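The first sequence lines up with residues 147 to 750 when you count with this note's numbering. We put the beta carbon where it would ideally sit given N, CA and C, even for glycine. Keep in mind that this is a model prediction, so the values were computed, not measured.
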Amino acid sequence: MIDSVGGNMSSQSKADYVESNLYRIRHSAAHVMAQAVVEMFPDGKVAIGPPIEDGFYYDFDLPRPLTPEDLETLEKRMREIVSGDYKFEKEILQADEARKLFADQPYKLELIDGLAEGGFDEYGEPLDEKPEISIYTQDTFVDLCRGPHVSDTGEINPDAMKLLNVAGAYWRGDESRPMLQRIYGTAWESADDLEQYLWKLEEARKRDHRRLGRDLDLFSVNEEVGPGLILWHPKGGMVRKLTEDYCREEHEIGGYEFVYSPHIGKAHLWETSGHLDWYQENMYSPLDIEGQEYYLKPMNCPFHVQIFKSRTRSYRDLPLRFAEWGTVYRYERSGVLHGLLRVRGFTQDDAHLFVRPDQMPEEIDQVLEFSLNILRAFGFKDFQAYLSTRNPQKAAGEAVQWEAPTEALRNALERAEIPFQVDEGEATFYGPKIDLKVRDALGREWQLTTIQFDFTLPERFDLTYVGEDGQDHRPYMIHRALLGSMERFMGVLIEHFAGAFPVWLAPVQAVLIPIADRHYEYADQVAGELGKAGLRVEVDQRGERMNAKIRDAQNLKIPYMLVIGDREIEAESVSVRLRSEENLGAMTISEFLERAKSDIAERI
RNA sequence: GCCACCGUAGCUCAGAUGGCAGAGCAGUCGCUUCGUAAGCGACGGGUCAAGGGUUCGAUUCCCUUCGGUGGCUCCA
147 MIDSVGGNMS SQSKADYVES NLYRIRHSAA HVMAQAVVEM FPDGKVAIGP PIEDGFYYDF
207 DLPRPLTPED LETLEKRMRE IVSGDYKFEK EILQADEARK LFADQPYKLE LIDGLAEGGF
267 DEYGEPLDEK PEISIYTQDT FVDLCRGPHV SDTGEINPDA MKLLNVAGAY WRGDESRPML
327 QRIYGTAWES ADDLEQYLWK LEEARKRDHR RLGRDLDLFS VNEEVGPGLI LWHPKGGMVR
387 KLTEDYCREE HEIGGYEFVY SPHIGKAHLW ETSGHLDWYQ ENMYSPLDIE GQEYYLKPMN
447 CPFHVQIFKS RTRSYRDLPL RFAEWGTVYR YERSGVLHGL LRVRGFTQDD AHLFVRPDQM
507 PEEIDQVLEF SLNILRAFGF KDFQAYLSTR NPQKAAGEAV QWEAPTEALR NALERAEIPF
567 QVDEGEATFY GPKIDLKVRD ALGREWQLTT IQFDFTLPER FDLTYVGEDG QDHRPYMIHR
627 ALLGSMERFM GVLIEHFAGA FPVWLAPVQA VLIPIADRHY EYADQVAGEL GKAGLRVEVD
687 QRGERMNAKI RDAQNLKIPY MLVIGDREIE AESVSVRLRS EENLGAMTIS EFLERAKSDI
747 AERI
């Protein structure tokens, strides 16, 4: 429930938002919507309706499913209510009075109990203090609410609000509770703001990696193969390979060593690691091989641990950094699968660091810096970090064991001067973690990097190294994936660049466009030369007109279009057009190569 | 997994209150040899997601399954 207000915001901007007029407008619009819904369904039960980033929602328990036509009707009625200029009036009540008022509203009664006991606010979020119980009334609608609201409905601009869609949502986010109907809406101060927001939604739709994945022939998912399993096509495979190549190189420079491990391992391994205790719900059923149970790996760690254990380790060997592009399989419930961003089989740019306790702080600092540098190379500039702490219901080890590592992660974040917030109880079963989110070209946040401390596996597998004193010592372990998974990272990258990858990542960097058949030979010759220089080029030999070839190259977002006709052959040149539609005119092959190489080096 | 909606050619979509299925783009083949975002024409392509039911007859109505979309819970 931490993210019910502005999941994609830093804590500071979240606090600013709650104080803003826009927040009051949206909160008030939610009440107006609830009024319209209750008028339509007098027996309907209302749940909660907070503002969220970019809008608001309200949850209802209604006798029948809502249709798109209902939304239109409701929106129309909302405009009438808004133009009625009804005051929002606040009143403070005792719990018993409130219970009487909401006697036929079971969800409100539950909220009132929470308020009266002092544990929760009206959205069910935990509270330290015992809050007062207040109601807000506008026109005929009364709602249990802490506020704040605009002073009257007239302050909501009827031309700047819109109901967007209906969705299911569990009461209090708990899947054992009833499924309610949630209406999402948006409201802004001006019609222009609304329009801009809708434009942004449209732009996001155009950038959808699932659509671009098909249009640019990057990848597909196939019903025959199975949901959540990705097929990389040659173009997408090239982008992925280039990404991996770059990262591998950086890892080598950064002191990592590459290892490889199998996709399955015996049940005993996963018992020892604790995965069968803590993670089994995400693992696939075991395979029977000659009477032994084997599991498909959901993580790479147990294998890397075994590599560590394969010989006696000295304190001089540490830190050891084992990296692997490790493909793992996790059971994800069918409803959560989404393009490349949520899949069932994926490849992590995984690594496990085995370090001496005294090396721990510096190693975490280094990993954090390493991650940020790699992400910056791909054009990401804004980061937000999340520190996840122990979940008592789902944690190995004792609470005290968690304290020092949690502090170490916190200190690293402070030293790196990255804005972060604490997600209480969101840690993995084996230790606290830092997650990094990047902000893309449209301002959306995506979680990629994860850096996880682990004091559990070294104990479970009894990992030791021989110290200076000749005694056995226990190393610490850090799990980390920087891009997260290749699938998710590619998805984010596609949306970030809207498919127009920077030249260094573009699967086809230049397309040669001969104007007529007689230009093919020269085009092939130029292509050969550019290819020899390391450029990825194609010659468009289709019997199409130049205009059509240019149009198709534009749509494929190919960085350079090199037009070749009589003039170019005469001058031994190419005419260079960029996908930005800028026409650079004719230049020699070597001039063009110089230009391309500089663009590649600058990663633009 | 849950709630709602959806599934017609490779893609985007039309279609009929139940009576032999259509367009554009893409593809193939011809013609055209062209100067910075779609040249012209012909042809091929569909168990209307799958299975079952109702019916003289189902792509159309009903049920089940599979797959997808938007959310919820969960998450790299």
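Tell me, to the nearest whole angstrom, how far the beta carbon of Y622 is from that of M445; I am working on the premise that it is less than 8 Å. The Cβ separation is near 18 Å, so there is no contact.
For Q393, which residues in the same chain have their Cβ closer than 8 Å to its Cβ, ignoring the five residues on either side in sequence? Note that residue 393 is Cys in the sequence shown, not Gln. So the qualifying residues of the chain are D495, I520, L628, L629.
With contact counted as at least three CB pairs below 8 Å, one residue from each stretch, are the region 162-175 and the region 287-298 in contact? By the Cβ rule, the region 162-175 counts as touching the region 287-298, because three or more pairs are nearer than 8 Å.
Buried or exposed: which applies to M707, given that a residue is buried once 16 or more other Cβ atoms fall within 10 Å of its Cβ? buried
For Q687 and N729, the rounded distance between their alpha carbons: 22 Å
Please list, in chain order, all residues of the same chain as D149 whose beta carbon is under 7 Å from its beta carbon, the five residues on each side excluded. The predicted model places D149 with a pLDDT of 34, which falls under 50 and marks its position as unreliable, so this point remains unresolved.
Does DSSP classify R741 as helix, strand or coil? helix
Which residues does DSSP list as the beta-bridge partners of D495? Residue pairing by DSSP puts D495 in a beta bridge opposite W471.
Could you check the C-alpha separation between D305 and L247 for me, to the nearest Å? Each residue's alpha carbon lies about 33 Å from the other.
Tell me which same chain residues have a C-beta within less than 6 Å of the C-beta of Y330, skipping the five on either side of it? Scanning its chain for C-beta atoms nearer than 6 Å, with the 5 sequence neighbours on each side dropped, one finds around Y330 the residues Y203, L310, N311, in chain order.
Determine the DSSP secondary structure at Y92, reduced to helix, strand or coil. Lying outside 147 to 750, the shown extent of the chain, residue 92 is not represented and no answer is given.
Sequence-distant residues of the same chain with beta carbon closer than 6 Å to I746, five excluded per side: V649, W650
Looking at C-alpha atoms only, which residue of V654, G689, G731 is the closest neighbour of N701? It is V654 whose Cα lies nearest to the Cα of N701.
Within its chain, find whatever has a CB closer than 8 Å to the CB of G314; leave out the 5 residues flanking it on each side and keep chain order. M325, L326, Q327, R328
Quick check on the burial criterion: 16 or more other C-beta atoms within 10 angstroms. Buried or exposed for E470? buried
How about A644 and P705: are their beta carbons less than 9 Å apart? no
Rounded to the nearest angstrom, how far is the Cβ of Y578 from that of T610, given a contact under 8 Å? The residue you asked about is not Tyr; residue 578 is Pro in the sequence shown. That belief does not hold up - the Cβ atoms of P578 and T610 are roughly 23 Å apart, past 8 Å.
Nearest-angstrom Cα distance between R590 and V709? 37 Å
In chain order, what are the residue ranges of uninterrupted alpha helix (DSSP H) at least 4 long that sit wholly in the region 418-465? 421-424, 447-455
Can you find the residues in the same chain that come closer than 6 Å, C-beta to C-beta, to I238, ignoring five residues on each side of it along the sequence? These residues qualify, in order along the chain: E278, S280.
Assuming E235 and T283 are in contact, meaning their beta carbons sit under 8 Å apart, how far apart are those beta carbons, in whole angstroms? 5 Å
I329 in three-state terms, based on DSSP: strand
Answer with buried or exposed for V371, where buried requires no fewer than 16 other C-beta atoms within 10 angstroms of its C-beta. exposed
Would you call Y406 buried or exposed, if buried means 16 or more other Cβ atoms sit within 10 Å of its Cβ? exposed
Do L487 and G637 have their CB atoms nearer than 9 Å? Between L487 and G637, the CB-CB gap stays under 9 Å.
Counted within 10 angstroms of its Cβ, other Cβ atoms place A587 as buried (16 or more) or exposed: exposed
Reduced DSSP secondary structure (H/G/I, E/B, other) of E165: helix
Could you pull out every residue in the same chain whose Cβ sits closer than 6 Å to the Cβ of G382, ignoring the five residues on either side in sequence? L364, F365
State the start and end residues of the unbroken alpha helix (DSSP H) segment that holds F643. 632-643
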